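Working notes for the structure below.
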Amino acid sequence: MLAENLISPQIEIIPCKVCGDKSSGVHYGVITCEGCKGFFRRSQSSVVNYQCPRNKQCVVDRVNRNRCQYCRLQKCLKLGMSRDGELSTVLLLL
Ligand SMILES: [Zn+2]
Ligand SMILES: [Zn+2]
Numbered sequence: 086m087l088a089e090n091l092i093s094p095q096i097e098i099i100p101c102k103v104c105g106d107k108s109s110g111v112h113y114g115v116i117t118c119e120g121c122k123g124f125f126r127r128s129q130s131s132v133v134n135y136q137c138p139r140n141k142q143c144v145v146d147r148v149n150r151n152r153c154q155y156c157r158l159q160k161c162l163k164l165g166m167s168r169d170g171e172l173s174t175v176l177l178l179l
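Here the sequence shown is numbered in my numbering, starting from 86 and rising by one per residue.
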C-alpha cells in the first residue's frame, strides 16, 4: 500500500484577515492579501488623513474594501498590523 499517494501537497488558502480575499502570506504581522499589504504600506509611507464618509463602521470585505480607506486602515490596525511587523516576520523566517 502506497499511503503517500493519498497525500497530495495542498497549499492551504487562508483568507486575508482584513478583507477576506485570498491572502499571500504574513504582511506587517498579519495574514493579508497583496491589496491590503499595499494599502497598509501606502498608509504608512505618506502623510495620510483618511476620513470616513459614514459612521466609521463600514464593511471591509473584498468587494467593499476600497470604499472607505479610513475603515480599512482602522481594521488593519485593529488586527495588529504595524510597520515593525514586516521586520519581525522577516526575522522569524531567518
Ligand atoms: Zn485583503
Ligand atoms: Zn468608513
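Backbone N, C-alpha and C fix where the C-beta goes; we use that ideal spot for every residue, glycine too.
Since we're looking at a predicted model, the values are computed, not measured.
Query: Coil, strand or helix - K141 by DSSP; Result: coil
Query: Residue from S108, Y113, F124 with nearest C-alpha to N151; Result: F124
Query: D106 CB to nearest heavy atom of ligand 1 below 7 Å; Result: yes
Query: Coarse secondary structure for K107, derived from DSSP in three states; Result: strand
Query: Sequence-distant residues of the same chain with beta carbon closer than 7 Å to Y135, five excluded per side; Result: Q154, Y155, L158
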